[in-house]
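Structure first, then comments.
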Amino acid sequence: EKGLTDMYRVLKPNGKMVILEFSKPRVFPVKQLYNFYFLHVTPFFGKLFSKDARAYTYLPESVAAFPDGSDFTTLMEKVGFKSTKQRILTFGISSIYVGTK
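Just so we're aligned: the sequence shown equals residues 35 to 135 in the working numbering.
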C-alpha cells in the first residue's frame with residue numbers, strides 16, 4: 035500500500051500508473067505447471083547458479099503473498115486511483131494493472 039501511495043503522490047493529475055506483476059494462474063493445467071516450475075525448477079536453478087540455497091525461493095513466496103486481481107485494483111482505488119483495470123497476460127501468469135490519478 036505504501037508503494038502505491040508514493041506512486042500516486044508523484045503522479046501529475048490525470049497521470050497513469052502501469053504495473054506489470056506476476057499473478058497466480060487459476061486454470062488447469064497452467065496452474066499446476068506454474069506451481070511446479072516456481073516451487074521446484076526456479077529454486078533449483080537459483081541455487082545452482084548463485085550457490086545460495088535461498089536464491090529465487092523468495093520469488094514464489096512474494097508472488098503468493100502479493101494481492102492480485104480485484105484485490106489489487108481495490109487497493110489501488112483505496113489510495114486514490116481511478117479507472118483501475120487489470121489485463122491478464124500469458125494464461126494468468128502475469129497481469130498489467132493500470133490506474134489514473
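The C-beta atom is built at its ideal place from N, Cα and C for all residues, glycine as well.
Spatial neighbours of residue i within its chain, please: C-beta separation below 8 Å, excluding the five flanking residues on both sides.
i, result
"L109", "E35, L38, P101"
Grouping DSSP H, G and I as helix and E and B as strand, with all else coil, what is residue i?
i, result
"K85", "coil"
"K46", "coil"
Classify residue i as buried or exposed, calling it buried when 16 or more other Cβ atoms lie within 10 Å of its own Cβ.
i, result
"F70", "exposed"
"Y92", "exposed"
Once you ignore the five residues that flank residue i on each side, which residues in its own chain have a CB closer than 6 Å to its CB?
i, result
"I53", "Y131"
"F56", "V97, S128"
"D40", "none"
"G49", "K135"
Completely contained beta strand (DSSP E) runs for the segment 48 to 134, where each covers 3 or more residues:
50 to 56, 116 to 123, 128 to 134
At least three beta-carbon pairs within less than 8 Å, the segment 57 to 77 to the segment 115 to 125
yes
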